[in-house]
Amino acid sequence: MSVATTRRSVLMGALGLAGAMTSFGAAYAETTRLRLAWWGGNERTRRTQEVLRLYQQRVNGVELAGEVSNSEYFTKLATQVVGRSAPDVFQLEPNSFADFVKRDCVLALDGLMPNPIDAAGISRAMLDLCAVDGKVWGIPQALNSFAMMYDKDAFATAGVAPPDAQTSWDDYADRMVELTKALNRRRYWGSCDASGYSYAFQVWLRQRGRDLFTADQALGFGKDDVAEWFAYWDKLRQRGGCVPADVAALSPDSTINLMPLIQGKAATSFAFSNQIVGMQATTPVQLAMTMFPNGGAGAKPGQFYRPASSWSIYAQSPNPEAAARFVNFFVSDPEAAKILGVERGVPMSPALRASILPTLRPVERATVEYIDAIADKVGPYPPPPPKGSQQFGQLMKRAADAVAFNSASISDSAATLMKDAHSIL
């Protein structure tokens, strides 16, 4: 089997593979060729490539070509779907899942289970996280939730208590201002600016009994909610507790190498629990994690368990069964699970989870312990987002940046976001 990995961004440049096809093993005259696409940083790509090599040792006559992206991943995938050139197998996540299913580009997997996809180790409840309209469209790789990552030494040096599950949004803001002043480092702040992070906004909404989207595929919030969210971050920005606009603009999402925490510009970043593995591999500072701030007395749970990522098959793939066999291997093979660890999240299968625990490093065990620790603090999984919702994150970031750069008022930016959000649904 031949394995090739390509990348159209700085990631593979960092690995010394920019602009190149990397091949492993022998090529076969009669081969089944599969293209695979995923997003992620250096650590994820390293582990994924190792699993591809393992698959090469097990299966002859298959050629795998990996396509790796980061913040441009979903834009690129959507373009490939329109051009009918999407990869055979691609990675999705909750905010994008229903959107791509409703584009009629994802293959329903019910007919491929239990053979070649044996999902017996994954509970029905977990499979339902990848179900739309009663059909399964993806196989969940692992479980995660939202998590705030922070620099342990920064808080210790500043003499400020780090955030924990009992920290409210108001408490968090005060601590970030206190830490920034106590450390007094040049171009260093307590918090990242999460005003443009739709997933942080979702947690904040859910704590108030609302959500990004409703079960009937409409927006689940109003202009006043957006304005209050933007005002919180604008006030924190003016108090000096979070990074300024020029720094925030370069951190568009949860891309690890762009996080202010990883760039040495902030003590905290809003992220996903599994990302601590890739983040710790990227920075020398000692990281810890906790939940996002809570909504205060009487608030509802904001966080929820979610499939960190899932594997889906392109509806137009010429080799759906070969693609299904690869997906089955990736999510259920014990050796593959040990290689992947918890970088993509905690394995869905209890048996796989138990099998990898003895092999995990401390930072990896922290992910498993975190998922276990928040069990009584998470709420129900949200309804599938509507078609077009994948663009919402970009719209929110644009509106948030307008406030941060003082190019629009909070009220006007909130109104613009509402108008733009309605237009994509």
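Using mature numbering (1 follows the signal peptide of the UniProt record, and there is no 0), the letters of the sequence shown correspond one by one to residues -29 to -1, 1 to 396.
Beta carbons: idealized from backbone N, C-alpha and C, even for Gly.
These numbers come from a predicted model, not from an experiment.
Pairwise C-alpha distance: W140 and P133:
Residue numbering aside, residue 133 sits at position 162 when the sequence shown is read from its first letter. Residue numbering aside, residue 140 sits at position 169 when the sequence shown is read from its first letter. For P133 and W140, the distance between alpha carbons rounds to 13 Å.
Assuming contact is defined by CB atoms lying nearer than 8 Å, are A279 and A113 in contact in what I supplied?
Counting from 1 along the sequence shown, the entry for residue 279 is found at position 308. Counting from 1 along the sequence shown, the entry for residue 113 is found at position 142. Between A279 and A113, the C-beta gap is smaller than 8 Å, which places the two residues in contact.
By how many angstroms is the C-alpha of D142 removed from the C-alpha of V53?
Start at 1 with the first residue of the sequence shown, and residue 53 comes out as number 82. Start at 1 with the first residue of the sequence shown, and residue 142 comes out as number 171. Cα to Cα, V53 sits roughly 46 Å from D142.
By Cβ distance below 7 Å, which residues in the same chain neighbour E340 in space, the five residues on each side in sequence not counted?
Here residue 340 is taken as the residue at index 369 of the sequence shown, counted from 1. Once the five neighbours on either side are set aside, E340 has no close Cβ partner at all.
Under the DSSP definition of a beta bridge, which residues are partnered with A118?
Translated into the one-based positions of the sequence shown, residue 118 becomes position 147. In the DSSP output, where bridge partners are listed per residue, A118 has A242.
Using the beta-carbon count (16 or more within 10 Å), is L328 buried or exposed?
Counted from its first residue, the sequence shown places residue 328 at position 357. Residue burial is scored here from C-beta neighbours: L328 has fewer than 16 other C-beta atoms within 10 angstroms and is therefore classed as exposed.
On the DSSP bridge assignment, give the partners of T151 in chain order.
For the purposes of this step, residue 151 is identified with residue 180 of the sequence shown, where counting begins at 1. T151 has no beta-bridge partner at all, per DSSP.
With H, G and I counted as helix, E and B as strand and the rest as coil, what does DSSP make of T261?
Taking the sequence shown and counting its residues from 1, one reaches residue 261 at position 290. In the structure shown, T261 sits in a strand (DSSP, three-state: E or B).
Do you know how far the Cα of P357 is from the Cα of R74?
On the sequence shown, residue 74 is found 103 positions in, with the first residue counted as 1. On the sequence shown, residue 357 is found 386 positions in, with the first residue counted as 1. Cα to Cα, R74 sits roughly 11 Å from P357.
Please return the same chain residues whose Cβ sits closer than 7 Å to the Cβ of D383, not counting the five positions on each side in sequence.
What you label residue 383 is simply residue 412 of the sequence shown in a count that begins at 1. Within the same chain, D383 has no close Cβ partners at all.
Residues bridged to G212 (per DSSP)
Mapped onto the sequence shown, residue 212 falls at position 241. Partner(s): none; G212 has no beta bridge.
Going straight from the alpha carbon of Y203 to that of T138, what length do you get?
Here residue 203 refers to the residue found at position 232 when the sequence shown is read from its first residue. Here residue 138 refers to the residue found at position 167 when the sequence shown is read from its first residue. The alpha-carbon atoms of Y203 and T138 are separated by roughly 15 Å.
In its own chain, which residues sit with a C-beta less than 8 Å from the C-beta of A69, not counting the 5 before and 5 after it?
Counting from one through the sequence shown, the residue named residue 69 turns up at place 98. Same-chain partners within the cutoff: V103, P355, P356, P357, K358 and S360.
Please confirm whether F300 and Y352 have their CB atoms less than 8 Å apart.
Along the sequence shown, read from residue 1 onward, the residue named residue 300 stands at position 329. Along the sequence shown, read from residue 1 onward, the residue named residue 352 stands at position 381. Judged by their CB atoms, F300 and Y352 are not nearer to each other than the 8 Å cut-off.
So the alpha helix (DSSP H) F61 belongs to, where does it begin and stop?
Translated into positions along the sequence shown, residue 61 becomes position 90. Here F61 belongs to no alpha helix (DSSP H); instead the beta strand (DSSP E) covers V60 to L63.
Looking at the structure shown, is W204 part of a helix, part of a strand, or coil, going by DSSP?
For the purposes of this step, residue 204 is taken as the residue at position 233 of the sequence shown. Three-state result, W204: helix.
Would L207 pass as a contact of M147 if the rule is Cβ separation under 8 Å?
For this step, residue 207 is matched to residue 236 along the sequence shown. For this step, residue 147 is matched to residue 176 along the sequence shown. Cβ atoms of L207 and M147: closer than 8 Å.
May I ask you to report which of helix, strand or coil DSSP gives S166?
Walking along the sequence shown from the start, residue 166 turns up at place 195. If DSSP states are grouped into helix, strand and coil, S166 belongs with coil.
DSSP beta-bridge partners of Y285:
Stepping through the sequence shown from its first residue, residue 285 is reached at position 314. Partner residues in the beta bridge of Y285, as assigned by DSSP, are V77.
Return the CA-CA distance between R296 and S94, expressed in angstroms with no decimal places.
For the purposes of this step, residue 296 is identified with residue 325 of the sequence shown, where counting begins at 1. For the purposes of this step, residue 94 is identified with residue 123 of the sequence shown, where counting begins at 1. Inter-residue distance for R296 and S94 is about 20 Å (C-alpha atoms, whole angstroms).
Can you find the residues in the same chain that come closer than 7 Å, C-beta to C-beta, to G130, ignoring five residues on each side of it along the sequence?
If you number the sequence shown from 1, residue 130 lands on position 159. Cβ within range, chain order: A153.
Mapping the DSSP letters down to three states, classify G235 as helix, strand or coil.
The count along the sequence shown starts at 1 and reaches residue 235 at position 264. DSSP places G235 in coil when its eight states are reduced to three.
Give the range of the alpha helix (DSSP H) segment to which A373 is assigned.
The residue you call residue 373 lines up with position 402 of the sequence shown. Counting along the chain, the alpha helix (DSSP H) containing A373 begins and ends at F363 to A375.
Burial state of K390, where buried means 16 or more other Cβ atoms lie within 10 Å
Translated into positions along the sequence shown, residue 390 becomes position 419. K390 sits exposed, since fewer than 16 C-beta atoms from the chains shown fall within 10 Å of its C-beta.
Is the beta carbon of V60 closer than 8 Å to that of L7?
For the purposes of this step, residue 7 is taken as residue 36 along the sequence shown, with counting starting at 1. For the purposes of this step, residue 60 is taken as residue 89 along the sequence shown, with counting starting at 1. Yes, Cβ-Cβ distance for L7 and V60 is below 8 Å.
May I ask which residues mark the beginning and end of the alpha helix (DSSP H) holding T387?
The residue labelled residue 387 in the question sits at position 416 within the sequence shown. Per DSSP, T387 is one residue of the alpha helix (DSSP H) stretching across I381 to I395.
Let me make sure I understand the geometry here. Which of R29, W10 and Q365 has the alpha-carbon closest to that of E306?
Here residue 306 refers to the residue found at position 335 of the sequence shown. Taking each of R29, W10 and Q365 in turn and checking the Cα distance to E306, the smallest one comes out for R29.
Could you check if F376 is buried or exposed, using at least 16 other CB atoms within 10 Å of its CB as the buried criterion?
Translated into positions along the sequence shown, residue 376 becomes position 405. It is exposed - the Cβ of F376 has fewer than 16 other Cβ atoms within 10 Å.
Among A294, G312, A259 and Y285, the one whose alpha carbon lies nearest that of F126:
Here residue 126 refers to the residue found at position 155 of the sequence shown. If we check each option's Cα against that of F126, A259 comes out closest.
Thinking just about the alpha-carbon of each residue, which of D99, D89 and G167 is nearest to the one in Q362?
What you label residue 362 is simply residue 391 of the sequence shown in a count that begins at 1. Among D99, D89 and G167, the Cα nearest to that of Q362 is on G167.
R336 classed as buried or exposed, judged by whether at least 16 other C-beta atoms fall within 10 angstroms:
As a working mapping, residue 336 is identified with position 365 in the sequence shown. With fewer than 16 neighbouring CB atoms inside 10 Å of its own CB, R336 falls in the exposed class.
For Q209, count neighbouring Cβ atoms within 10 angstroms of its own Cβ and tell me buried if that reaches 16, exposed if not.
As a first step, residue 209 is located in the sequence shown; it is residue number 238 there, counting from the start. Looking at its Cβ environment, which holds fewer than 16 other Cβ atoms inside 10 Å, Q209 is exposed.
Please classify R314 as buried or exposed, where buried requires at least 16 other C-beta atoms within 10 Å of its C-beta.
The residue you call residue 314 lines up with position 343 of the sequence shown. Reading off the sequence shown, one finds Glu at residue 314, where the question assumed Arg. Around the C-beta of E314, 16 or more other C-beta atoms lie within 10 Å, and the residue is accordingly described as buried.
Cβ shell of A79 (< 8 Å), same chain only, five flanking positions each side left out:
Here residue 79 corresponds to residue number 108 of the sequence shown, with the count starting at 1. These residues qualify, in order along the chain: K106, V107 and W108.
Alpha carbon to alpha carbon, what distance is there between T128 and I395?
The residue labelled residue 395 in the question sits at position 424 within the sequence shown. The residue labelled residue 128 in the question sits at position 157 within the sequence shown. Rounded to the nearest whole angstrom, the C-alpha separation of I395 and T128 is 46 Å.
To which residues of the same chain is G92 closer than 8 Å at the C-beta, ignoring the five residues directly before and after it?
On the sequence shown, residue 92 is found 121 positions in, with the first residue counted as 1. The answer, listed in chain order, is S303, M319, S320, P321, A322 and L323.
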